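Below is one structure, written out as C-alpha coordinates; comments come after it.
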Amino acid sequence: MSGSAAIEANAPSKRNSVSLTGDQSAADSSAPPDAKAHLDGRARVVIENVVPIVDAGRFAVKRSVGETVIVEVDAFTDGHDKISVALLHRTVGSEHWIESDMEPLINDRWSGKFPVHSVGWHEFTVVAWVDHFATWRYDFQKRVTAGQNVSVDLQIGAAIVEEAADAVDGDVRRSLSELARLFRSESPAEATEIALGNSLQTLMRRYAPRRFSSQWPAPVRMWVDRARARFSTWYELFPRSASPDPNRHGTLADVQNRLESIERMGFDVVYLPPIHPIGRAFRKGKNNSPVAEPGDVGSPWAIGGPEGGHDAIHPQLGTIDDFDRLIAAAKDRGIEIAMDLAFQCSPDHPYVKQHPEWFRHRPDGTIQYAENPPKKYQDIYPFDFECKDYQALWNELLRVTMHWVSHGIQIFRVDNPHTKPFPFWEWLIAEAKKRAPEVLFLAEAFTRPKVMYRLGKLGFTQSYTYFAWRNEPWSIKQYFTELTKPPVVDFYRPNAWPNT
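Have a look at this one:
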(Lines of atoms letter the chains of each structure in order from A and count residues from 1; the text may use other names and numbers.)
(Lines give C-alpha, C1' and ligand atoms only; values in the text may rest on other atoms or scores of the structure.)
Protein backbone atom coordinates (compact mmCIF):
# COMPACT_ATOMS: atom_id res chain seq x y z
CA MET A 1 0.00 0.00 0.00
CA SER A 2 1.14 3.57 -0.62
CA GLY A 3 1.98 5.83 2.29
CA SER A 4 -0.96 8.14 1.63
CA ALA A 5 -3.33 5.21 1.57
CA ALA A 6 -2.10 4.04 4.95
CA ILE A 7 -2.47 7.50 6.49
CA GLU A 8 -5.98 8.06 5.19
CA ALA A 9 -7.05 4.58 6.20
CA ASN A 10 -6.56 5.58 9.82
CA ALA A 11 -9.35 8.16 9.54
CA PRO A 12 -12.23 7.49 11.97
CA SER A 13 -15.34 5.75 10.72
CA LYS A 14 -17.45 8.68 11.94
CA ARG A 15 -18.27 11.74 9.89
CA ASN A 16 -17.88 14.60 12.34
CA SER A 17 -19.84 16.99 10.16
CA VAL A 18 -21.97 16.34 7.11
CA SER A 19 -24.49 18.26 5.05
CA LEU A 20 -27.49 16.45 3.65
CA THR A 21 -27.95 17.51 0.05
CA GLY A 22 -30.16 16.60 -2.86
CA ASP A 23 -32.71 13.96 -1.97
CA GLN A 24 -31.36 13.91 1.59
CA SER A 25 -31.77 17.65 2.23
CA ALA A 26 -32.88 18.44 5.77
CA ALA A 27 -31.36 21.90 6.20
CA ASP A 28 -34.80 23.28 6.96
CA SER A 29 -36.27 21.08 9.69
CA SER A 30 -39.71 22.55 9.08
CA ALA A 31 -39.75 21.63 5.38
CA PRO A 32 -41.93 18.73 4.21
CA PRO A 33 -40.22 15.49 3.20
CA ASP A 34 -38.70 15.56 -0.27
CA ALA A 35 -41.13 13.76 -2.57
CA LYS A 36 -38.31 12.64 -4.89
CA ALA A 37 -37.01 10.25 -2.25
CA HIS A 38 -40.35 8.48 -2.26
CA LEU A 39 -40.85 8.49 -6.04
CA ASP A 40 -37.44 7.10 -6.96
CA GLY A 41 -37.90 3.34 -6.92
CA ARG A 42 -34.15 2.83 -6.73
CA ALA A 43 -34.17 3.91 -3.07
CA ARG A 44 -34.51 0.35 -1.83
CA VAL A 45 -33.96 0.60 1.92
CA VAL A 46 -37.02 0.77 4.16
CA ILE A 47 -36.80 2.77 7.41
CA GLU A 48 -39.50 2.14 10.02
CA ASN A 49 -40.30 2.41 13.71
CA VAL A 50 -37.85 5.08 14.80
CA VAL A 51 -37.62 5.59 18.56
CA PRO A 52 -37.63 7.77 20.52
CA ILE A 53 -40.48 9.72 18.97
CA VAL A 54 -43.63 11.19 20.54
CA ASP A 55 -46.95 10.96 18.71
CA ALA A 56 -45.28 10.55 15.30
CA GLY A 57 -43.29 13.73 15.86
CA ARG A 58 -46.18 15.98 16.93
CA PHE A 59 -44.41 16.66 20.24
CA ALA A 60 -40.75 16.86 21.17
CA VAL A 61 -38.81 14.06 22.81
CA LYS A 62 -37.46 15.16 26.21
CA ARG A 63 -33.89 14.74 27.33
CA SER A 64 -31.55 16.65 29.66
CA VAL A 65 -27.97 17.84 29.47
CA GLY A 66 -25.49 15.03 30.05
CA GLU A 67 -27.78 12.25 28.85
CA THR A 68 -26.97 9.91 25.98
CA VAL A 69 -29.77 9.63 23.44
CA ILE A 70 -30.21 6.04 22.25
CA VAL A 71 -31.95 5.76 18.88
CA GLU A 72 -33.31 2.54 17.42
CA VAL A 73 -34.86 1.92 14.02
CA ASP A 74 -35.94 -0.89 11.73
CA ALA A 75 -33.99 -0.77 8.44
CA PHE A 76 -33.92 -3.44 5.72
CA THR A 77 -33.94 -3.97 1.99
CA ASP A 78 -34.98 -6.56 -0.55
CA GLY A 79 -32.75 -9.49 -1.38
CA HIS A 80 -29.42 -10.20 0.26
CA ASP A 81 -27.57 -6.92 -0.21
CA LYS A 82 -25.89 -5.37 2.80
CA ILE A 83 -27.05 -2.00 4.02
CA SER A 84 -25.47 0.75 6.08
CA VAL A 85 -27.41 2.95 8.47
CA ALA A 86 -26.27 6.31 9.83
CA LEU A 87 -27.59 8.41 12.70
CA LEU A 88 -27.34 12.17 12.23
CA HIS A 89 -27.98 14.80 14.88
CA ARG A 90 -27.52 18.53 15.43
CA THR A 91 -28.70 21.48 17.42
CA VAL A 92 -31.56 23.15 15.57
CA GLY A 93 -30.19 26.02 13.51
CA SER A 94 -26.82 24.38 12.91
CA GLU A 95 -25.90 24.04 9.25
CA HIS A 96 -24.22 20.66 9.53
CA TRP A 97 -25.19 17.31 10.96
CA ILE A 98 -22.95 15.17 13.16
CA GLU A 99 -22.99 11.58 11.96
CA SER A 100 -22.21 8.22 13.51
CA ASP A 101 -22.74 4.64 12.41
CA MET A 102 -25.70 2.66 13.66
CA GLU A 103 -25.03 -0.94 14.63
CA PRO A 104 -27.24 -3.95 13.83
CA LEU A 105 -29.06 -5.65 16.69
CA ILE A 106 -31.40 -8.49 15.68
CA ASN A 107 -34.28 -8.84 13.25
CA ASP A 108 -33.32 -5.80 11.13
CA ARG A 109 -33.21 -3.56 14.20
CA TRP A 110 -30.41 -0.97 14.37
CA SER A 111 -29.12 1.13 17.24
CA GLY A 112 -27.08 4.32 17.58
CA LYS A 113 -26.45 6.94 20.21
CA PHE A 114 -25.20 10.45 20.76
CA PRO A 115 -24.75 12.73 23.79
CA VAL A 116 -26.48 16.07 24.32
CA HIS A 117 -24.48 18.84 25.96
CA SER A 118 -26.56 22.00 25.61
CA VAL A 119 -30.00 23.28 26.61
CA GLY A 120 -32.40 23.90 23.74
CA TRP A 121 -33.75 22.35 20.58
CA HIS A 122 -31.96 19.38 19.04
CA GLU A 123 -32.99 17.03 16.24
CA PHE A 124 -31.94 13.75 14.72
CA THR A 125 -32.66 11.71 11.64
CA VAL A 126 -31.66 8.38 10.12
CA VAL A 127 -30.24 7.69 6.65
CA ALA A 128 -29.79 4.21 5.14
CA TRP A 129 -28.59 2.88 1.81
CA VAL A 130 -27.61 -0.31 0.02
CA ASP A 131 -23.87 -0.58 0.67
CA HIS A 132 -22.46 -2.02 -2.54
CA PHE A 133 -18.89 -2.21 -1.27
CA ALA A 134 -19.96 -4.00 1.93
CA THR A 135 -22.02 -6.41 -0.17
CA TRP A 136 -19.09 -7.05 -2.51
CA ARG A 137 -16.67 -7.52 0.41
CA TYR A 138 -19.01 -9.99 2.15
CA ASP A 139 -19.43 -12.09 -0.99
CA PHE A 140 -15.71 -11.81 -1.80
CA GLN A 141 -14.79 -13.15 1.64
CA LYS A 142 -17.02 -16.19 1.11
CA ARG A 143 -15.45 -16.91 -2.29
CA VAL A 144 -11.95 -16.65 -0.83
CA THR A 145 -12.90 -18.99 2.01
CA ALA A 146 -14.32 -21.47 -0.52
CA GLY A 147 -11.06 -21.39 -2.51
CA GLN A 148 -12.67 -20.00 -5.67
CA ASN A 149 -10.93 -17.96 -8.35
CA VAL A 150 -11.47 -14.30 -7.43
CA SER A 151 -9.63 -12.48 -10.22
CA VAL A 152 -12.83 -11.15 -11.78
CA ASP A 153 -14.19 -10.24 -8.37
CA LEU A 154 -11.07 -8.16 -7.72
CA GLN A 155 -11.75 -6.23 -10.91
CA ILE A 156 -15.31 -5.59 -9.76
CA GLY A 157 -14.05 -4.41 -6.38
CA ALA A 158 -11.50 -2.12 -8.02
CA ALA A 159 -14.27 -0.48 -10.04
CA ILE A 160 -16.30 0.16 -6.87
CA VAL A 161 -13.27 1.73 -5.18
CA GLU A 162 -12.53 3.85 -8.26
CA GLU A 163 -16.09 5.15 -8.22
CA ALA A 164 -15.57 6.25 -4.62
CA ALA A 165 -12.28 7.93 -5.56
CA ASP A 166 -13.99 9.90 -8.32
CA ALA A 167 -16.46 11.33 -5.79
CA VAL A 168 -13.85 12.90 -3.48
CA ASP A 169 -10.79 15.14 -3.71
CA GLY A 170 -7.32 15.57 -2.27
CA ASP A 171 -5.49 12.96 -0.24
CA VAL A 172 -8.55 10.74 0.08
CA ARG A 173 -8.91 10.57 -3.71
CA ARG A 174 -5.25 9.69 -4.11
CA SER A 175 -5.48 7.03 -1.41
CA LEU A 176 -8.52 5.33 -2.91
CA SER A 177 -7.09 5.50 -6.44
CA GLU A 178 -3.88 3.87 -5.24
CA LEU A 179 -5.83 1.10 -3.53
CA ALA A 180 -7.84 0.45 -6.70
CA ARG A 181 -4.59 0.28 -8.70
CA LEU A 182 -3.18 -2.24 -6.26
CA PHE A 183 -6.30 -4.38 -6.72
CA ARG A 184 -5.41 -4.68 -10.41
CA SER A 185 -1.61 -4.84 -10.26
CA GLU A 186 -0.72 -6.96 -7.25
CA SER A 187 -0.83 -10.73 -7.08
CA PRO A 188 -4.24 -12.18 -6.18
CA ALA A 189 -3.02 -13.04 -2.69
CA GLU A 190 -1.71 -9.53 -2.00
CA ALA A 191 -4.76 -7.89 -3.61
CA THR A 192 -7.01 -10.09 -1.49
CA GLU A 193 -5.20 -8.98 1.65
CA ILE A 194 -5.77 -5.33 0.70
CA ALA A 195 -9.40 -5.96 -0.23
CA LEU A 196 -10.23 -7.55 3.10
CA GLY A 197 -8.18 -5.15 5.21
CA ASN A 198 -9.73 -2.84 7.76
CA SER A 199 -8.10 0.25 6.23
CA LEU A 200 -9.99 -0.03 2.96
CA GLN A 201 -13.22 -0.91 4.77
CA THR A 202 -12.90 2.22 6.92
CA LEU A 203 -12.25 4.48 3.95
CA MET A 204 -15.12 3.07 1.93
CA ARG A 205 -17.55 3.27 4.84
CA ARG A 206 -16.78 6.95 5.13
CA TYR A 207 -16.39 8.07 1.53
CA ALA A 208 -18.20 5.67 -0.80
CA PRO A 209 -21.14 7.24 -2.68
CA ARG A 210 -24.53 6.72 -1.10
CA ARG A 211 -26.60 6.27 -4.19
CA PHE A 212 -30.36 6.04 -3.76
CA SER A 213 -30.29 6.48 -0.02
CA SER A 214 -33.45 6.56 2.09
CA GLN A 215 -34.06 9.02 4.90
CA TRP A 216 -36.56 9.18 7.76
CA PRO A 217 -39.20 11.62 6.43
CA ALA A 218 -38.71 14.43 8.95
CA PRO A 219 -36.12 15.11 11.67
CA VAL A 220 -37.25 14.07 15.15
CA ARG A 221 -37.29 17.10 17.48
CA MET A 222 -35.92 16.97 21.01
CA TRP A 223 -36.02 19.54 23.78
CA VAL A 224 -33.01 19.26 26.06
CA ASP A 225 -33.38 20.71 29.56
CA ARG A 226 -30.74 21.44 32.15
CA ALA A 227 -29.81 18.61 34.51
CA ARG A 228 -32.17 19.66 37.32
CA ALA A 229 -35.08 18.70 35.09
CA ARG A 230 -33.97 15.10 35.49
CA PHE A 231 -33.82 15.04 39.27
CA SER A 232 -34.41 17.43 42.17
CA THR A 233 -35.51 17.27 45.82
CA TRP A 234 -38.27 19.66 46.83
CA TYR A 235 -39.10 21.25 50.18
CA GLU A 236 -42.45 23.05 50.43
CA LEU A 237 -42.49 26.03 52.76
CA PHE A 238 -45.19 28.61 53.55
CA PRO A 239 -43.28 31.86 54.16
CA ARG A 240 -45.95 33.19 56.52
CA SER A 241 -45.28 30.17 58.76
CA ALA A 242 -41.49 30.55 58.70
CA SER A 243 -41.26 32.92 61.66
CA PRO A 244 -39.42 31.58 64.74
CA ASP A 245 -41.98 33.52 66.79
CA PRO A 246 -45.40 31.80 66.59
CA ASN A 247 -47.08 35.12 67.32
CA ARG A 248 -45.49 36.90 64.34
CA HIS A 249 -46.30 36.63 60.63
CA GLY A 250 -43.38 35.09 58.79
CA THR A 251 -41.38 36.95 56.14
CA LEU A 252 -39.12 36.23 53.21
CA ALA A 253 -36.20 37.10 55.47
CA ASP A 254 -37.32 34.30 57.79
CA VAL A 255 -37.26 31.92 54.84
CA GLN A 256 -33.73 33.05 54.06
CA ASN A 257 -32.70 32.27 57.62
CA ARG A 258 -33.96 28.69 57.21
CA LEU A 259 -31.95 27.94 54.07
CA GLU A 260 -29.01 26.51 56.00
CA SER A 261 -31.26 23.98 57.73
CA ILE A 262 -32.94 23.07 54.44
CA GLU A 263 -29.57 22.60 52.77
CA ARG A 264 -28.43 20.25 55.54
CA MET A 265 -31.51 18.09 54.93
CA GLY A 266 -30.40 17.61 51.32
CA PHE A 267 -33.01 19.63 49.43
CA ASP A 268 -32.07 21.61 46.34
CA VAL A 269 -35.45 23.22 45.55
CA VAL A 270 -37.56 25.28 47.97
CA TYR A 271 -41.14 25.62 46.75
CA LEU A 272 -43.10 28.67 47.93
CA PRO A 273 -46.91 28.73 47.61
CA PRO A 274 -48.25 32.06 46.30
CA ILE A 275 -46.56 35.06 47.93
CA HIS A 276 -48.87 37.68 46.43
CA PRO A 277 -51.42 39.95 48.13
CA ILE A 278 -54.50 38.02 49.32
CA GLY A 279 -58.05 39.16 48.66
CA ARG A 280 -60.34 40.25 51.46
CA ALA A 281 -63.74 39.64 49.87
CA PHE A 282 -65.17 36.24 50.86
CA ARG A 283 -61.88 35.45 52.60
CA LYS A 284 -61.73 31.90 53.97
CA GLY A 285 -61.06 31.32 57.65
CA LYS A 286 -59.11 28.64 59.46
CA ASN A 287 -59.50 25.07 58.21
CA ASN A 288 -61.28 26.34 55.08
CA SER A 289 -64.09 27.88 57.10
CA PRO A 290 -66.36 29.96 54.81
CA VAL A 291 -66.34 32.76 57.38
CA ALA A 292 -63.08 34.50 58.31
CA GLU A 293 -62.53 35.74 61.82
CA PRO A 294 -60.65 38.98 62.52
CA GLY A 295 -56.96 38.33 61.94
CA ASP A 296 -57.45 35.36 59.61
CA VAL A 297 -54.94 35.63 56.78
CA GLY A 298 -56.93 33.86 54.05
CA SER A 299 -55.88 31.41 51.36
CA PRO A 300 -52.72 32.44 49.47
CA TRP A 301 -54.33 31.05 46.32
CA ALA A 302 -56.98 33.83 46.47
CA ILE A 303 -54.55 36.11 44.67
CA GLY A 304 -54.85 39.88 44.42
CA GLY A 305 -55.83 42.84 46.54
CA PRO A 306 -55.44 46.61 46.79
CA GLU A 307 -51.67 46.08 47.10
CA GLY A 308 -51.45 44.43 43.67
CA GLY A 309 -51.84 41.17 41.79
CA HIS A 310 -49.69 38.38 40.39
CA ASP A 311 -46.60 40.56 40.02
CA ALA A 312 -46.74 41.91 43.59
CA ILE A 313 -45.54 40.56 46.93
CA HIS A 314 -47.73 40.44 50.04
CA PRO A 315 -46.55 43.40 52.16
CA GLN A 316 -46.39 41.27 55.32
CA LEU A 317 -43.88 38.99 53.61
CA GLY A 318 -41.54 41.76 52.53
CA THR A 319 -40.47 43.65 49.44
CA ILE A 320 -39.12 42.79 46.02
CA ASP A 321 -35.65 43.58 47.39
CA ASP A 322 -36.21 40.98 50.12
CA PHE A 323 -37.24 38.54 47.42
CA ASP A 324 -34.11 39.23 45.36
CA ARG A 325 -31.94 38.70 48.44
CA LEU A 326 -33.66 35.37 49.10
CA ILE A 327 -33.02 34.20 45.53
CA ALA A 328 -29.34 35.16 45.78
CA ALA A 329 -28.86 33.53 49.19
CA ALA A 330 -30.47 30.31 47.96
CA LYS A 331 -28.29 30.28 44.85
CA ASP A 332 -25.18 30.57 47.01
CA ARG A 333 -26.20 27.30 48.68
CA GLY A 334 -27.02 25.49 45.44
CA ILE A 335 -30.76 25.83 46.12
CA GLU A 336 -33.39 27.16 43.73
CA ILE A 337 -36.62 28.86 44.73
CA ALA A 338 -39.63 27.44 42.91
CA MET A 339 -42.55 29.82 42.62
CA ASP A 340 -46.24 28.93 42.49
CA LEU A 341 -47.95 29.92 39.26
CA ALA A 342 -51.67 30.02 40.05
CA PHE A 343 -53.64 31.71 37.29
CA GLN A 344 -56.78 32.74 39.20
CA CYS A 345 -57.90 35.83 41.07
CA SER A 346 -59.60 36.99 44.22
CA PRO A 347 -62.58 39.34 43.79
CA ASP A 348 -60.21 42.15 44.85
CA HIS A 349 -57.62 41.51 42.14
CA PRO A 350 -56.88 44.57 39.95
CA TYR A 351 -57.77 42.48 36.87
CA VAL A 352 -61.40 42.30 37.99
CA LYS A 353 -61.86 46.04 37.51
CA GLN A 354 -59.36 46.55 34.73
CA HIS A 355 -60.38 43.56 32.60
CA PRO A 356 -63.84 42.27 33.57
CA GLU A 357 -64.02 40.74 30.08
CA TRP A 358 -61.47 38.13 31.17
CA PHE A 359 -64.01 36.51 33.52
CA ARG A 360 -67.27 34.63 33.06
CA HIS A 361 -70.39 36.54 34.10
CA ARG A 362 -73.60 35.13 35.56
CA PRO A 363 -77.08 36.22 34.38
CA ASP A 364 -77.36 38.59 37.34
CA GLY A 365 -74.20 40.43 36.22
CA THR A 366 -71.90 39.07 38.91
CA ILE A 367 -68.67 37.27 38.08
CA GLN A 368 -68.75 33.49 38.29
CA TYR A 369 -66.64 32.25 41.18
CA ALA A 370 -64.92 28.87 41.24
CA GLU A 371 -67.12 25.87 41.95
CA ASN A 372 -66.81 22.13 42.12
CA PRO A 373 -70.43 21.38 43.06
CA PRO A 374 -71.44 21.23 45.77
CA LYS A 375 -68.25 23.01 46.86
CA LYS A 376 -68.11 26.77 46.39
CA TYR A 377 -64.99 28.93 46.34
CA GLN A 378 -66.38 32.45 46.50
CA ASP A 379 -62.90 33.84 47.22
CA ILE A 380 -61.56 32.78 43.80
CA TYR A 381 -62.51 33.93 40.29
CA PRO A 382 -61.23 31.67 37.48
CA PHE A 383 -60.27 33.22 34.16
CA ASP A 384 -62.52 32.67 31.16
CA PHE A 385 -60.10 31.27 28.59
CA GLU A 386 -62.88 31.33 25.99
CA CYS A 387 -63.33 35.09 26.29
CA LYS A 388 -63.21 37.21 23.15
CA ASP A 389 -60.02 38.96 24.24
CA TYR A 390 -58.20 35.73 25.11
CA GLN A 391 -55.01 36.80 23.31
CA ALA A 392 -54.59 39.79 25.60
CA LEU A 393 -55.16 37.49 28.58
CA TRP A 394 -52.51 35.07 27.32
CA ASN A 395 -50.01 37.87 26.79
CA GLU A 396 -50.59 39.25 30.28
CA LEU A 397 -50.03 35.86 31.89
CA LEU A 398 -46.83 35.47 29.91
CA ARG A 399 -45.75 38.90 31.12
CA VAL A 400 -46.36 37.83 34.72
CA THR A 401 -44.31 34.67 34.18
CA MET A 402 -41.38 36.54 32.67
CA HIS A 403 -41.56 39.20 35.41
CA TRP A 404 -40.59 36.57 37.96
CA VAL A 405 -38.01 35.05 35.64
CA SER A 406 -36.39 38.49 35.52
CA HIS A 407 -36.10 38.29 39.32
CA GLY A 408 -34.26 34.97 39.22
CA ILE A 409 -37.04 32.38 39.22
CA GLN A 410 -36.19 29.42 37.00
CA ILE A 411 -38.67 26.86 38.33
CA PHE A 412 -42.47 27.22 38.45
CA ARG A 413 -44.86 24.86 40.18
CA VAL A 414 -48.04 25.39 38.14
CA ASP A 415 -51.29 25.11 40.07
CA ASN A 416 -54.04 22.99 38.48
CA PRO A 417 -52.84 23.25 34.87
CA HIS A 418 -55.42 20.66 33.81
CA THR A 419 -58.15 23.27 34.40
CA LYS A 420 -56.76 25.57 31.71
CA PRO A 421 -56.68 24.93 27.94
CA PHE A 422 -53.91 22.78 26.49
CA PRO A 423 -53.18 25.26 23.64
CA PHE A 424 -52.57 27.99 26.22
CA TRP A 425 -49.94 25.98 28.07
CA GLU A 426 -48.25 24.83 24.89
CA TRP A 427 -47.98 28.46 23.79
CA LEU A 428 -46.93 29.93 27.14
CA ILE A 429 -44.23 27.35 27.87
CA ALA A 430 -42.82 27.65 24.34
CA GLU A 431 -42.75 31.45 24.57
CA ALA A 432 -41.15 31.37 28.01
CA LYS A 433 -38.44 28.98 26.83
CA LYS A 434 -37.71 31.17 23.82
CA ARG A 435 -36.83 33.92 26.26
CA ALA A 436 -35.35 31.77 29.04
CA PRO A 437 -34.51 28.22 27.87
CA GLU A 438 -33.48 27.04 31.35
CA VAL A 439 -36.89 27.67 32.95
CA LEU A 440 -38.61 24.52 34.27
CA PHE A 441 -42.34 23.94 34.79
CA LEU A 442 -43.84 21.39 37.21
CA ALA A 443 -47.46 20.40 36.50
CA GLU A 444 -49.50 20.03 39.70
CA ALA A 445 -52.19 17.98 38.00
CA PHE A 446 -54.03 15.25 39.89
CA THR A 447 -56.36 14.07 37.16
CA ARG A 448 -56.83 11.37 34.54
CA PRO A 449 -53.68 9.77 33.08
CA LYS A 450 -54.26 10.91 29.50
CA VAL A 451 -54.70 14.51 30.63
CA MET A 452 -51.53 14.35 32.74
CA TYR A 453 -49.62 12.84 29.84
CA ARG A 454 -50.87 15.49 27.42
CA LEU A 455 -49.55 18.21 29.72
CA GLY A 456 -46.19 16.45 29.74
CA LYS A 457 -46.15 16.20 25.96
CA LEU A 458 -46.94 19.85 25.35
CA GLY A 459 -44.07 21.13 27.42
CA PHE A 460 -44.29 20.68 31.20
CA THR A 461 -40.84 19.68 32.45
CA GLN A 462 -41.98 17.55 35.39
CA SER A 463 -45.35 16.29 36.55
CA TYR A 464 -47.08 15.24 39.75
CA THR A 465 -47.94 11.54 39.92
CA TYR A 466 -50.19 9.03 41.68
CA PHE A 467 -47.29 8.11 43.97
CA ALA A 468 -49.17 9.29 47.08
CA TRP A 469 -51.90 6.70 46.37
CA ARG A 470 -49.56 3.77 45.66
CA ASN A 471 -49.27 2.16 49.09
CA GLU A 472 -48.20 -1.41 48.34
CA PRO A 473 -44.78 -2.48 47.03
CA TRP A 474 -46.29 -4.19 43.99
CA SER A 475 -48.35 -1.14 43.02
CA ILE A 476 -45.38 1.22 43.39
CA LYS A 477 -43.25 -1.09 41.24
CA GLN A 478 -45.99 -1.44 38.63
CA TYR A 479 -46.56 2.31 38.46
CA PHE A 480 -42.92 3.30 38.14
CA THR A 481 -42.35 0.58 35.56
CA GLU A 482 -45.00 2.34 33.46
CA LEU A 483 -43.41 5.75 34.01
CA THR A 484 -39.86 4.69 33.17
CA LYS A 485 -40.48 2.83 29.91
CA PRO A 486 -41.31 4.04 26.39
CA PRO A 487 -43.37 5.76 25.30
CA VAL A 488 -44.05 7.53 28.62
CA VAL A 489 -40.40 8.03 29.57
CA ASP A 490 -39.81 10.09 26.43
CA PHE A 491 -42.18 12.91 27.44
CA TYR A 492 -43.14 12.54 31.12
CA ARG A 493 -40.81 13.14 34.06
CA PRO A 494 -42.43 12.06 37.34
CA ASN A 495 -42.06 14.08 40.53
CA ALA A 496 -43.01 11.89 43.50
CA TRP A 497 -44.63 13.89 46.31
CA PRO A 498 -45.48 11.94 49.49
CA ASN A 499 -48.65 13.99 50.03
CA THR A 500 -50.99 16.27 48.13
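Just so we're aligned: the sequence shown equals residues 680 to 1179 in the working numbering.
Backbone N, C-alpha and C fix where the C-beta goes; we use that ideal spot for every residue, glycine too.
Computed from a predicted structure; not experimentally measured.
Query	Result
Can you look up F755 in the DSSP assignment and give me helix, strand or coil?	strand
What residue does the beta strand (DSSP E) around S790 start on, and which one ends it?	R788 to P794
Count the other CB atoms within 10 Å of the CB of D1169; is the residue buried (16 or more) or exposed (fewer)?	buried
My understanding is that R962 touches A991, with C-beta atoms under 8 Å, so please give their C-beta distance in whole angstroms.	With a Cβ gap of about 17 Å, R962 and A991 do not count as contacting.
For G929, which residues from the same chain have a beta carbon less than 8 Å from its beta carbon, with the 5 sequence-adjacent residues on both sides left out?	F917, P918, R919, S920, A921, S922 and L996
Evaluate the contact criterion for the segment 1069–1087 versus the segment 965–976: three or more CB pairs, one atom per stretch, below 8 Å.	no
Whose C-alpha, out of A1175, L861, G1135 and F812, is nearest the C-alpha of W1148?	A1175
What are the boundary residues of the alpha helix (DSSP H) that R822 is part of?	H811 to T824
Opposite R655 in the DSSP bridges: which residues?	Absent from the structure is residue 655, since the part of the chain shown begins at 680 and ends at 1179.
Got a sec? Which residues, its chain only, sit under 8 Å from D780 by beta carbon, not counting five neighbours each side?	S692, K693, S763, V764, A765, L766, G791 and R884
Assign G1013 to one of three DSSP states: helix, strand, or coil.	coil
Since R769 is in the beta strand (DSSP E), which residue starts that stretch and which ends it?	I762 to T770
Given that a residue counts as buried once 16 or more other Cβ atoms are within 10 Å of its Cβ, and exposed if not, what is L875?	exposed
Do G964 and D1027 have their beta-carbon atoms positioned less than 7 Å apart in this structure?	no
At what residues does the beta strand (DSSP E) containing A906 begin and finish?	No beta strand (DSSP E) holds A906; DSSP gives it neither H nor E.
Per DSSP, what kind of secondary structure is H1034 in: helix, strand or coil?	coil
K1136 lies in the alpha helix (DSSP H); which residues open and close that run?	P1128 to L1137
So, at 7 Å on beta carbons, what are the nonlocal neighbours of H1097 in its own chain, with the 5 sequence-adjacent residues on each side left out?	A1124, T1126, V1130 and L1134
Please report the Cβ distance between L855 and L882, rounded to the nearest whole angstrom; I am assuming they are in contact, meaning their Cβ atoms lie under 8 Å.	6 Å
Comparing C-alpha positions only, which one of E802, H801, F1064 and Q834 sits nearest to W815?	Q834
To the nearest whole angstrom, what separates the beta carbons of F1064 and F1103, a pair I think is in contact under 8 Å?	6 Å
Provide the residue span of the alpha helix (DSSP H) that contains S856, from first to last.	G849 to S864
Of the residues D924, P952 and M944, which one's Cα is nearest the Cα of E915?	P952
Please list, in chain order, all residues of the same chain as R905 whose beta carbon is under 8 Å from its beta carbon, the five residues on each side excluded.	S743, V744, V798, E1117 and L1119
With a threshold of 16 other CB atoms inside 10 Å of the CB of H989, please say whether the residue is buried or exposed.	buried
What number of angstroms, rounded off, separates the C-alpha of S830 from the C-alpha of A837?	11 Å
At which residue ranges does the segment 1058–1092 contain complete alpha helix (DSSP H) runs of 4 or more residues, listed in the order of the chain?	1069–1084
Could you check what DSSP says for W1176 in three-state terms: helix, strand or coil?	coil
In the DSSP assignment, what are the bridge partners of I777?	H768
Excluding the 5 residues flanking A807 on each side, which residues of the same chain have their C-beta closer than 6 Å to its C-beta?	V724, I726, A754, I762, V764 and S893
How about the segment 1079–1096 and the segment 1010–1023: do they share at least three Cβ pairs that are nearer than 8 Å?	yes
Using the C-alpha atoms, what's the distance from T871 back to R822?	11 Å
Starting from the Cα of F1022, find the closest Cα among V752, D818, T998 and R1078 and give me that residue.	R1078
Could you pull out every residue in the same chain whose Cβ sits closer than 8 Å to the Cβ of R1114, ignoring the five residues on either side in sequence?	M1081 and V1084
Relative to the alpha-carbon of K1054, which residue among N967, F738 and R863 has its alpha-carbon at the smallest distance?	N967
Report yes if the C-beta distance between V740 and M901 is below 7 Å; otherwise report no.	yes
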